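Colleague: Numbering-wise, the sequence shown is residues -28 to -1, 1 to 957 according to mature numbering (1 follows the signal peptide of the UniProt record, and there is no 0). For every residue, glycine included, the Cβ atom is placed at its ideal position computed from N, Cα and C. The structure displayed is predicted, hence computed values, not measured ones.
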Amino acid sequence: MNKTAKRVLSVFLSVLLAFAALPVTAFAADGDTAPDYEYDLQIYCDGVRVDENGDSSETLLHVEENHQKQLTVKYKGEDSIPSGSHVVWSSPTPYLVYVDQNGVITGRDSSKGAIMRVWVAENIETLWLIGPGLADSIYDWMDENDIDGMDAEGILDMMQMILGPILGEDSANGLYNSLMNTLNSMNVEIRAELVSDETGEVIAYNSTHVVCDKSTSATADLIPNGTYITNHNEIPATVEVGYEMDLQAITTPLRLNMGVNWEVTQKSWIGDVASDIATVDENNHITFNKPGTVTIKATPSTQGLYDKLSSTIENAVNTGQSMGDAIGWMLENIFGMSVGADVIDLLLKMLDGMVQAGDSVENIIATISDWILKYSINDSVTVTVVDQINVTGFEIVGDTERLNRYGGTRQLTLTNVEPAGAVITPEEITWASSNEDFAVIDDTGLMTIRGADDYHTLFTERPFEVSATVNGVTVTRAASVMAGNDREPTDLVVNGPTGMLQKNQSYTFDYEIFPICLVDEGSGIFEQDYNNIDLGLMIDGEVVYGDNITDGVLQITTSTIDAPNRSRIGTFTINTVGGGDTTLYVRSHSEVGDPVGPFEWGTHLVKEIPISVYQEATGISIDQGESLEVEVNTTLGVGSGSAQLSATVTPDDATNKGVTWSSDNSKVSVDANGLVSIKNQLLHSPITATITATSQDDPALTDSVTVTFLKAYVHASGVTLNASDVTLGGVGATYKLTATVNPSDAANQAVTWESSNPSVVTVSDDGTLTAVAMGDATITVKTVDGGYTATCAVKVRADKTVLQAVLDRVAEADLNEDEFDLVSWAAFEAALDTANRVNNNEFASQQIVDDAAGALETAFAALNAYEELTDASIVPLNSGDELSGEVIYHKTPWYQTWTSQTVELTVQVNDGAKIAKVEWQLANWSVDEPEGNIESVSGNNATIRPTFGVGPRSIWVQAVVTDVYGKSVTSDPVKVRFYNWDWQK
């Protein structure tokens, strides 16, 4: 429970303690005895008299939560009551024990937590200084523990442990006994009154006390039994538009910690509908917005019930019960008392249908929640809202008696407004003091104490009155101020010229210091200047009081302070020496007295007086510059458009910064705020106007801008590059970036290029990159229209393909040092070490990389650890193709075309040689007159396809083979012959 809820609960349950602790005779007036007719009315339950004066008065009546008992009355021993009268039943706390007008009592809440919170609020929270903090600690302990599940002894022991070390044994024991009495007398007074039908007079009354016991039902900690508006009686039946108040309600039992939902409805032809005549915010604060009649209803939180039902049903289903069985069990246990079996059966059938139809658990539980809440006891109040309620009375609240002679302030407010529901705004209140020499009250009700008119008699009260007037109704309140202060100022009033002052002028102000009995300057024992003033200005961020000082706007001198006959009333003069806004500080020359109100020891009374001295404008400039183009969307060449202009008037502190706008073209308008526009104009050609801004302070100050309205075109909205990162293989390497401007139909496709590091990579106007040195750079392309950009990260690195290949071959050779002479091996190891270091150096130059690869290749070759490439020949891959001498024959069926045929070729090399690459080329006369083509190359293989022609086709080819060590051998040429018949070979 939050702190606000705790305080609300404390206030509205406090009645319970009063009723629980006092005997019924306590309701009689002081000095009176209960009238005889009090006992003429007797209360019975199940034939047993249970009222305070009956035979069973020593035994409290008990009722279980959600259970009921019937109370009846007898009048003077008779079962019937006198004709022309009726019985009125009441309960001060219906959220604990409720009674209807038939005398049926219903148990609602047995929560010890509710009573505990009342007791803490009344007995702990009110302790001086430590009370609020100690109460919060106890509330936290209560929130963390199941108070309702603890017996009284356990609660008392824990409270003694908490309070003892803090308050001491005696104080703690006193509170311990108080709490024990409270817990042992948790009862509610149910009152019966016999009332005359005609006059409403109470003929007789009596009461009984009822204790609510916790329900033994399995659902006692699950389902709420009602919601009650605890400040129901404080809500006026009629209120004025604008009336506001806090609504307070609780859902019982309180141990469920279930919230309250508020609804505001009004009557309509279709029934009750939601209304905005009044609104309730998240803090339960209601505001009445407009005339009408509304019903304010408090109900249990649907979400809180939904969560509890979900948990209960889920637990039941987890134990093996079906959904229908779980729901049925729960409803029968919950509503066995108040809902007929036929109603439960009907709901169960409906829910069973939902289960069979496969409805979600959420929908089923929501249905149950809504249904259960209909059978809860909800509370409501109807309020009529009217435009105005005339105030007939009110009270002034505030500290007005024996006011401190050293001054200070007190806040006065109005309360107990009559009739209830009337609204008083601060603007409607006129405050007044009968003696403004003693105290003065401002429009907000803040009273400033000025002191008495007599300083000779200490501790003497000087009376006066304060008053408030609302709509012709005046209420007064007695007030008094203590005498005896003739040396410490309490208030300072300064009056003088208002409005805009002019430069190079002198202005006189009046001042008055209170109290009126301050010692005159130069008199008295101490000969102090008690009733004088000092003048100050803010200079370099600090308030300076002195003579002949200036802040550039004002100049002040103490010689202008004039108080005739050393009076507390005087004048002073200021001189305006510049334009602008500043603050004049006027303070009491002597310090204030006791620290009362806003004052502190060692401080002065200070009045801050804002001063404005006229500062003329000296310049004006249009913020958009000398020219502005405005693009306009058109339809059939006609369009409308606008642009906002603004102007800056200098200096910054110029008093009048007003600007007047004008246009020299009737087709172009400009309003008082600088909005320049055209409307429904033909824009086959641009429309231009000169817009002039003129200073209102000095019409000689002007500035102009040329505004051109033209037909809109498609603008660039972005740009992209064909690559986001590129690596260039060594100095001199190039790469072309391509920029694409979006949208594709943008009118201006132009871009600019820039390199962040031209010493590494340069970029030309067409996006061509050229590597200049090893390193990194970022290339940025920017659209001319709109300035949109895209970037590409570029690295310049040496091509290490050959070096890596040599390193790989060395690794594959798996050399053994013992198999080589010492000199050759040493040279090889040195070359290998260098090659590895160069390969690991990201920024090694191409020359260094090539040198390292060559050196390692030479050293490796010197070891004679590999087979040199010496021979290469061309052979067919497919067995169907015949190799004969220097010719490869491919027979083509007579019904197929030459171009549909291919021959797959490869190369053979001497044993041990390792091929790095094969380059295929045409040879002999086929170079100039080919009858076929090398169609494709894959790895070491090539595909030969003849061209269209008459008769057999022949193609000469040869291969240049390079091994992994860089040695190349060219094969002998072979002729590939495509034929149909053997005789064509």
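Given this structure, state the Cα-to-Cα distance separating residue 480 from residue 433, to the nearest angstrom.
Modeller: Along the sequence shown, one-based indexing puts residue 480 at 508. Along the sequence shown, one-based indexing puts residue 433 at 461. Answer to the nearest angstrom: the Cα atoms are 37 Å apart.
Colleague: Using 8 Å as the threshold, is the region 40 to 59 in touch with the region 161 to 168, meaning 3 or more CB pairs across them?
Modeller: The region 40 to 59 vs the region 161 to 168: in contact.
Colleague: Return the CA-CA distance between residue 519 and residue 526, expressed in angstroms with no decimal places.
Modeller: By one-based count along the sequence shown, residue 519 stands at place 547. By one-based count along the sequence shown, residue 526 stands at place 554. Taking the straight line from one Cα to the other gives about 12 Å.
Colleague: Identify, in the order they occur along the chain, each residue of the same chain with its Cβ nearer than 6 Å to the Cβ of residue 844, setting aside the five sequence neighbours on each side.
Modeller: For this step, residue 844 is matched to residue 872 along the sequence shown. These residues qualify, in order along the chain: 879, 881, 933, 941, 943.
Colleague: When the Cα atoms are used, what is the spatial distance from residue 78 to residue 198?
Modeller: Taking the first residue of the sequence shown as position 1, residue 78 is located at position 106. Taking the first residue of the sequence shown as position 1, residue 198 is located at position 226. Roughly 11 Å between the two C-alpha positions.
Colleague: If you draw a straight line from the alpha carbon of residue 34 to that of residue 196, how long is it in whole angstroms?
Modeller: Mapped onto the sequence shown, residue 34 falls at position 62. Mapped onto the sequence shown, residue 196 falls at position 224. The alpha-carbon atoms of residue 34 and residue 196 are separated by roughly 20 Å.
Colleague: Using the three-state DSSP reduction, which class does residue 947 fall into: helix, strand or coil?
Modeller: For the purposes of this step, residue 947 is taken as residue 975 along the sequence shown, with counting starting at 1. Of the three classes helix, strand and coil, the one that applies to residue 947 here is strand, per DSSP.
Colleague: In the structure shown, what three-state DSSP assignment does residue 920 receive?
Modeller: Along the sequence shown, one-based indexing puts residue 920 at 948. DSSP places residue 920 in coil when its eight states are reduced to three.
Colleague: Hey, how far is the Cα of residue 853 from the Cα of residue 824?
Modeller: The residue given as residue 853 occupies position 881 in the sequence shown. The residue given as residue 824 occupies position 852 in the sequence shown. Straight through space, the alpha carbons of residue 824 and residue 853 are spaced by roughly 45 Å.
Colleague: What residues match up with residue 266 in a beta bridge as DSSP calls it?
Modeller: In the sequence shown, counting from the first residue as 1, residue 266 sits at position 294. According to DSSP, which records beta bridges pairwise, residue 266 is partnered with 355.
Colleague: Who pairs with residue 941 in a beta bridge, going by DSSP?
Modeller: Counted from its first residue, the sequence shown places residue 941 at position 969. DSSP output for residue 941 lists 933 as bridge partner(s).
Colleague: Here's the rule: buried if 16 or more other CB atoms are within 10 angstroms of the residue's CB, otherwise exposed. What is residue 562?
Modeller: Counting from one through the sequence shown, the residue named residue 562 turns up at place 590. Flag for residue 562 reads buried.
Colleague: For the alpha helix (DSSP H) containing residue 797, name the first residue and the last one.
Modeller: Against the sequence shown, residue 797 aligns to sequence position 825. Its alpha helix (DSSP H) spans residues 794 to 812.
Colleague: Between residue 888 and residue 772, what straight-line distance do the alpha-carbon atoms span, to the nearest angstrom?
Modeller: Residue mapping note: residue 888 aligns to position 916 of the sequence shown, counting from 1. Residue mapping note: residue 772 aligns to position 800 of the sequence shown, counting from 1. A direct Cα-to-Cα measurement between residue 888 and residue 772 gives close to 16 Å.
Colleague: If you draw a straight line from the C-alpha of residue 406 to the C-alpha of residue 450, how long is it?
Modeller: The sequence position of residue 406 within the sequence shown is 434, counting from 1. The sequence position of residue 450 within the sequence shown is 478, counting from 1. Spanning the two alpha carbons is a distance of roughly 10 Å.
Colleague: Could you please give me the residues that DSSP links to residue 844 through a beta bridge?
Modeller: Taking the sequence shown and counting its residues from 1, one reaches residue 844 at position 872. In DSSP, residue 844 forms a bridge with 881.
Colleague: For the candidate residues 522, 491, 16, whose alpha-carbon lies nearest to that of residue 539?
Modeller: In the sequence shown, residue 539 corresponds to position 567, counting from 1. Out of 522, 491, 16, the CA that lies nearest to the CA of residue 539 is found in 491.
Colleague: Within this structure, are the beta carbons of residue 807 and residue 834 separated by less than 8 Å?
Modeller: Within the sequence shown, residue 807 is the residue found at index 835, counting from 1. Within the sequence shown, residue 834 is the residue found at index 862, counting from 1. Result no, Cβ atoms of residue 807 and residue 834 do not sit closer than 8 Å.
Colleague: Per DSSP, residue 413 forms a beta bridge with which residues?
Modeller: For the purposes of this step, residue 413 is taken as residue 441 along the sequence shown, with counting starting at 1. DSSP lists 419 as partners of residue 413.
Colleague: DSSP state of residue 465, grouped into three classes?
Modeller: Indexing the sequence shown from 1 puts residue 465 at position 493. It is a strand residue.
Colleague: If distances are taken between C-alpha atoms only, which option among 504, 694, 379 comes closest to residue 452?
Modeller: The residue labelled residue 452 in the question sits at position 480 within the sequence shown. The option with the nearest alpha carbon to residue 452 is 379.
Colleague: On the three-state DSSP scale, how would you describe residue -17?
Modeller: Taking the sequence shown and counting its residues from 1, the one referred to as residue -17 is at position 12. Only weak support exists for where residue -17 lies, its pLDDT of 29 falling under 50; the value from the coordinates is given anyway. Taken through DSSP and simplified to helix, strand or coil, residue -17 comes out as helix.
Colleague: Using DSSP's beta-bridge definition, name the partner residues of residue 905.
Modeller: If you number the sequence shown from 1, residue 905 lands on position 933. Answer by DSSP bridge pairing, in chain order: 917.
Colleague: Let's test the definition: count the other Cβ atoms within 10 Å of the Cβ of residue 708 and tell me whether it reaches 16, buried, or not, exposed.
Modeller: Counted from its first residue, the sequence shown places residue 708 at position 736. Exposed is the call here.
Colleague: To the nearest angstrom, report how far apart residue 92 and residue 147 are at their CA atoms.
Modeller: Along the sequence shown, one-based indexing puts residue 92 at 120. Along the sequence shown, one-based indexing puts residue 147 at 175. Spanning the two alpha carbons is a distance of roughly 10 Å.
Colleague: Counting only C-beta atoms, is residue 673 closer than 8 Å to chain B at any point?
Modeller: Absent here is chain B; the protein component of the structure consists of one chain.
Colleague: Which residue wins for smallest C-alpha separation from residue 701, given the options 662, 656, 250, 814?
Modeller: Here residue 701 refers to the residue found at position 729 when the sequence shown is read from its first residue. Measuring from the Cα of residue 701, the nearest candidate turns out to be 814.
Colleague: Starting from the C-beta of residue 534, find all residues in its chain whose C-beta is less than 6 Å away, skip the five residues before and the five after it, and write them out in chain order.
Modeller: Counted from its first residue, the sequence shown places residue 534 at position 562. Cβ within range, chain order: 542, 543.
Colleague: Looking at the structure shown, is residue 815 part of a helix, part of a strand, or coil, going by DSSP?
Modeller: Translated into positions along the sequence shown, residue 815 becomes position 843. The answer is coil: DSSP assigns residue 815 none of H, G, I, E or B.
Colleague: Starting from residue 80 and walking both ways along the beta strand (DSSP E), at which residues does that stretch end?
Modeller: Residue numbering aside, residue 80 sits at position 108 when the sequence shown is read from its first letter. Looking at the DSSP string, residue 80 is not in any beta strand (DSSP E), and its letter there is neither H nor E.
Colleague: What is the DSSP secondary structure of residue -2, counted as helix, strand or coil?
Modeller: Within the sequence shown, numbered from 1, the residue matching residue -2 stands at position 27. Any reading at residue -2 must be qualified, since the residue scores a pLDDT of 28, below 50, and its modelled position is unreliable; the value itself is stated next. Three-state result, residue -2: helix.
Colleague: Just to confirm before moving on: does the CB-CB distance between residue 626 and residue 595 stay below 8 Å?
Modeller: Taking the sequence shown and counting its residues from 1, one reaches residue 626 at position 654. Taking the sequence shown and counting its residues from 1, one reaches residue 595 at position 623. It is not a contact, given that the beta carbons lie outside the stated cut-off.
Colleague: Does the beta-carbon of residue 382 have 16 or more other beta-carbons within 10 angstroms, so that it is buried, or is it exposed?
Modeller: Residue mapping note: residue 382 aligns to position 410 of the sequence shown, counting from 1. By the 10 Å Cβ count, residue 382 comes out buried.
Colleague: Using only CA atoms, which one of 84, 706, 765 lies nearest to residue 738?
Modeller: Counting from one through the sequence shown, the residue named residue 738 turns up at place 766. That would be 706, whose Cα lies nearest to the Cα of residue 738.
Colleague: Do residue 554 and residue 528 have their C-beta atoms closer together than 8 Å?
Modeller: As a first step, residue 554 is located in the sequence shown; it is residue number 582 there, counting from the start. As a first step, residue 528 is located in the sequence shown; it is residue number 556 there, counting from the start. Contact: no.
Colleague: Is it right to say residue 374 is buried, meaning 16 or more other beta carbons lie within 10 angstroms of its own, or is it exposed?
Modeller: By one-based count along the sequence shown, residue 374 stands at place 402. Exposed, by the Cβ-count rule.
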